[in-house]
Every structure is written in structure tokens, then in C-alpha cells.
Amino acid sequence: MKVWYNPIKKLFLKSKERLSDLKRRCPFILLPMIGITFASGCQGDGTVLLKIKVEETEGLERSLEYITIDLPRLKLSQKDYQLYAYPGNSNAKIPVQIIGSKHDNKGNQEVHGVLPISIGGHETKEYFIKAEPGRDSKTETDFNVKGSHLDLIVENKHYTASLKEYIGHEQQKLGSGHLGNLTLKEFDDVVLARKNPNLKIHWAPNFSKEDLSYKTMAHLNSPDSVFVSTKGPFYFSLFRRGRIEGYEKILLQGKYRFYAGLPYFIFESEILFTEGDSLNLLRNDEMTMDSLFTHLAFPKAGGTPIHLPLYDESTMTYLDENPIPDDAPWLFFYNKYKSYAFGSIRLHYDNKNIHGDDSPTDNKHTKITASANNGRYWNRRLIHSKNTFVPKGSKYTEKNAYILFKIDEKDPARTIKYFYERLKNPVMVRYMD
């Protein structure tokens with residue numbers, strides 16, 4: 058989502074009696090796209106807290122997309138009031154999920170909210186944001202988060218994602234808060250997982266030294282680690298930051314973002330060296346699974362997809378001689394016979410240090426690796442195998458959308474290209490006087 062400068066005026070609210078009257082006059086109907094309940098016939102009533110314009114500038118229609126908005130913090134009790142967005146050309150209202158707050162550059166406290174939209178190519182829509190009594194009213198979606206602390210299950214109509222902790226052999230502890238397995242609900246509940254009890258499918262970033270065992274972000278169990286989560290009907294996020302025993306010179310942080318109704322989730326991470334250290338392996342964007350797929354696809358330099366069989370010896374030989382670039386825009390595994398696919402859309406990738414110079418790398422590329430139990434996985438190699446000194450201030454950041462989908466028989470990459478275009482070209486949000 059692109060955001061323009063926000064010249065928000067002071068927040069004025071009318072009387073509680075008027076807002077109560079507005080609520081009584083609004084019958085509820087259903088938005089079938091993701092099961093949102095919202096009210097009709099109310100657009101002209103109440104006091105507008107904020108007016109925004111959403112512009113689609115790329116000619117790409119969006120049946121479901123989420124935008125984040127900033128507005129002055131409500132003066133009223135948040136227990137009693139709910140934010141709603143009224144589309145300017147419709148007699149409907151859409152709940153706004155509050156996801157946090159912070160101080161702007163003038164010291165004023167702002168509320169952050171997220172809401173779903175649909176918009177056509179080159180279309181502009183206006184929304185009026187209002188507050189109404191009834192904070193306890195429930196918004197029905199396909200989204201559910203179960204569990205406590207970091208030991209969680211996140212579910213929508215497309216997948217069930219387990220972030221739960223488990224103990225592997227030799228009592229090796231893999232912390233909660235990192236993806237252990239993923240169930241594909243639209244494909245007979247196929248589970249992307251590893252048979253090895255010491256492995257999660259996603260635990261990047263990860264690294265090793267010559268004299269220490271290999272460690273991952275799933276080993277982030279130090280008592281001074283930080284975590285912050287946000288739950289609601291549309292959006293769940295989980296942020297973690299901390300250090301791993303033996304690698305205390307590296308400060309790790311990562312954030313998951315899950316959404317109602319969408320076939321992908323997002324993970325972004327930062328690897329920051331607060332002191333210089335030497336590594337012989339540093340990698341990110343890693344997804345590792347047992348034998349569930351038949352093929353790999355990724356785009357050539359000109360954009361044309363390459364499709365390779367995952368279990369042919371010639372594929373590994375070809376990739377050794379022609380490695381996938383570290384900045385390839387997307388890649389995915391798919392099962393040609395069962396039609397399911399799982400892949401990575403690379404939204405952001407940057408290896409600049411805190412001074413704006415390049416952080417050290419060694420033979421950086423995207424690697425496809427054969428693993429135990431006939432498994433396969435992809436990973437972005439930043440330091441491949443050579444012992445490399447990484448000075449203080451070095452930093453490696455990235456943001457990826459992990460997507461599951463049904464392949465098209467004629468063009469298996471059709472869906473991932475569709476979402477790549479839209480995720481790389483978000484809608485424009487303008488704040489109006």
C-alpha cells in the first residue's frame with residue numbers, strides 16, 4: 058500500500074446519542090467475499106473522522122486487498138466504540154480492525170487500522186471513517202487464531218498454519234512462534250511438514266559458525282526475547298526479536314502477517330550484526346518439505362518461467378551450473394498430478410548495512426536442496442560455505458509472501474504471477490482534508 062502525506066485535521070465527534078441513533082437505524086447484511094458483516098443505509102449519518110481516497114493506478118483489479126490507515130487516536134473509550142469505513146459510492150459500511158498506535162513526527166498519537174477493499178483497475182474509491190458505539194459487535198470472517206502466547210494455530214479458508222512449539226529428539230527445543238507445518242485445506246488437507254522431529258518447514262533466518270552448531274530463528278528462546286502480537290477478524294501479526302545462544306552478536310527480528318480470505322501470508326525479517334563475527338553459512342527465505350511436489354518453477358531473466366522436475370538428477374546438475382539468482386522475483390514447487398503449489402513471492406530484499414554500504418556475502422544465490430526423507434527445499438544463500446567475517450553494522454533484510462494455490466494446466470505460474478503483480482504494485486491511499 059502506497060501512502061501519501063496525511064494532513065488530518067482535529068478529531069471532532071458528535072454526541073453519543075446521535076451515534077447510538079445511527080447504530081439503531083443500520084440493519085446488517087453479509088459480504089460473501091470473506092464473510093464480513095456490515096451495515097447498509099448509513100453513509101450520510103454521523104461525524105466523519107477521516108476521509109481517504111484509494112486509487113488503483115496499475116490497471117490491476119483487486120477482488121480482495123487490505124489497506125492500513127492512520128488516524129488520530131479516539132478520545133472515547135475504545136471498549137465502547139468501533140471504527141467503520143463507509144464507501145462513498147455505496148450504502149454499506151466495513152469494520153476497521155485497530156492494529157496498534159504510535160506517535161507521529163509531531164508527537165501526536167495515531168491509531169493504525171486495517172480494512173478489506175475491492176477495487177477495479179484504474180478505479181478510485183472514497184471512504185469515510187467513522188466511530189460508532191458497539192465495540193463488542195462481532196465481525197464474522199473465515200479467520201481464526203487459537204492458542205496463547207506464541208503457541209498458536211492460525212486459520213483461514215485456504216490454510217491452517219501451526220506456530221506451536223515442539224520438542225525434537227535429544228530434547229532439542231524448537232520454540233513456538235515460527236511455522237512448523239501448513240495444512241492446505243482446499244487440497245484434501247495435505248500437510249506441508251517434515252518427518253524429522255527436529256525440523257520446521259520455516260525457521261529462517263539461519264546460520265552457522267565453524268565451531269558451533271547450526272541455529273535458526275526457531276531456536277530463539279532467550280528470556281530477554283521480545284514478542285508482540287495483534288489479533289482481530291481480518292489480520293493477525295506476530296513480531297519476535299532477540300538473540301540466540303552462541304550467536305549473541307546477531308540481533309534477529311521477524312514478523313508474520315496473516316489475513317482473512319487470502320491464500321498467502323507474509324514474513325519479513327532483519328539480521329543485524331551488533332558486533333563483528335565470522336559465519337560459514339547465512340541464509341533466509343527457506344521453506345523445507347518432505348516429498349510432496351514434482352516440479353519447480355521460476356522466471357528466467359526475461360520473465361519466461363522455467364519448469365524443472367524436482368527429482369531428476371539433471372535438474373540438480375542444471376541448477377549447479379545455472380543457479381537461480383538471489384533476487385529472483387518468485388519461485389514455487391508444485392505437484393503436477395494433484396495440482397497444488399506452494400511458493401515465495403519476493404517483495405523486498407536488501408543487504409545494505411547501517412551506513413548504506415553492502416554487507417558481506419559469499420556466492421549469493423537461490424539454492425534448491427535435496428534433503429532427508431526425499432525432501433526438497435529452497436533457500437536464499439547469503440553466505441554459502443566460505444568462512445566470512447561480517448563486521449559490526451552489517452544488515453540483511455527481506456520480505457516475502459508465501460502463497461499456496463491451484464496450478465493452471467496451461468500455465469502453472471499463472472496464479473503466482475497474478476499475485477506478484479498486485480503485491481508489488483499496491484493501491485495508493487490518499488488522505489483528504
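Going letter by letter, the sequence shown gives residues 58 to 490 in the working numbering. We treat Cβ as the ideally placed atom computed from N, Cα and C, and that holds for glycine.
At a cut-off of 7 Å, is residue i close to the ligand FAD when judged by its beta-carbon and the heavy atoms of the ligand?
i, result
"residue 461", "The model on display carries no ligand, and the ligand FAD is accordingly not part of it."
Let me know the secondary structure DSSP gives residue i once reduced to three states.
i, result
"residue 79", "The predicted position of residue 79 is uncertain, since its pLDDT is 34 and thus under 50; a value taken from the coordinates is nonetheless stated next. Helix, per DSSP."
"residue 269", "strand"
"residue 424", "strand"
"residue 376", "helix"
"residue 296", "strand"
"residue 381", "strand"
"residue 162", "coil"
"residue 479", "helix"
"residue 258", "coil"
"residue 276", "helix"
"residue 354", "strand"
"residue 100", "Reliability fails at residue 100, whose pLDDT of 45 lies under 50, so the model's placement of it is uncertain and no value is given."
"residue 306", "strand"
"residue 471", "helix"
"residue 371", "helix"
"residue 431", "helix"
"residue 463", "strand"
"residue 89", "Only weak support exists for where residue 89 lies, its pLDDT of 39 falling under 50; the coordinates are left without a value."
"residue 186", "strand"
"residue 451", "coil"
"residue 290", "coil"
"residue 322", "strand"
"residue 156", "strand"
Could you give the distance in angstroms between the alpha-carbon of residue i and the alpha-carbon of residue j?
i, j, result
"residue 428", "residue 364", "20 Å"
"residue 81", "residue 250", "Its pLDDT being 36, under 50, residue 81 is placed unreliably in this model, and the value from its coordinates should be taken loosely. The straight-line gap from Cα to Cα measures roughly 49 Å."
"residue 475", "residue 411", "34 Å"
"residue 391", "residue 353", "6 Å"
"residue 246", "residue 139", "36 Å"
"residue 461", "residue 357", "21 Å"
"residue 208", "residue 264", "24 Å"
"residue 158", "residue 170", "9 Å"
"residue 261", "residue 240", "19 Å"
"residue 359", "residue 379", "15 Å"
"residue 402", "residue 372", "22 Å"
"residue 451", "residue 407", "11 Å"
"residue 377", "residue 385", "16 Å"
"residue 242", "residue 248", "9 Å"
"residue 389", "residue 314", "20 Å"
"residue 302", "residue 409", "25 Å"
"residue 269", "residue 487", "50 Å"
"residue 334", "residue 308", "12 Å"
"residue 253", "residue 217", "20 Å"
Relative to the alpha-carbon of residue i, which residue among the options has its alpha-carbon at the smallest distance?
i, options, result
"residue 405", "453, 360, 426, 447", "453"
"residue 322", "345, 293, 333", "293"
"residue 382", "421, 351, 408", "421"
"residue 345", "236, 241, 303, 447", "236"
"residue 108", "121, 182, 130", "182"
"residue 256", "374, 195, 275", "275"
"residue 492", "441, 362, 400, 269", "Outside the shown range of the chain (58 to 490) lies residue 492, about which nothing can therefore be said."
"residue 441", "487, 341, 375", "341"
"residue 295", "234, 266, 244", "234"
"residue 160", "387, 146, 130", "130"
Apart from the five residues just before and just after residue i, which ones in its own chain have a Cβ nearer than 6 Å to its Cβ?
i, result
"residue 142", "151, 153, 172, 184, 186"
"residue 431", "348"
"residue 299", "277, 279, 282"
"residue 424", "436, 438"
"residue 327", "310, 454"
"residue 481", "none"
"residue 332", "306, 449"
"residue 417", "445, 447"
"residue 393", "351, 352"
"residue 203", "210"
For residue i, which residues in the same chain have their Cβ closer than 7 Å to its Cβ, ignoring the five residues on either side in sequence?
i, result
"residue 200", "213, 290, 291, 317"
"residue 92", "Since pLDDT at residue 92 reaches only 48, below the 50 mark, its modelled position is unreliable, and the value read off the structure follows with that caveat. Hits under 7 Å: 197, 198, 199."
"residue 396", "463, 464"
"residue 320", "215, 460, 461, 462"
"residue 478", "117"
In chain order, what residues of the same chain have a beta carbon less than 8 Å from the beta carbon of residue i, not counting five sequence neighbours either side?
i, result
"residue 178", "113, 115, 116, 117, 118"
"residue 465", "471, 472"
Given a cut-off of 8 Å on the beta-carbon distance, is the pair residue i and residue j in contact?
i, j, result
"residue 415", "residue 443", "no"
"residue 457", "residue 324", "yes"
"residue 338", "residue 351", "no"
"residue 121", "residue 175", "yes"
"residue 445", "residue 329", "no"
"residue 343", "residue 434", "yes"
"residue 156", "residue 484", "no"
"residue 167", "residue 220", "no"
Strictly under 8 Å for the Cβ-Cβ distance: is residue i near chain B by that measure?
i, result
"residue 281", "Judged by its chain identifiers, the structure shown contains no chain B, having just a single protein chain."
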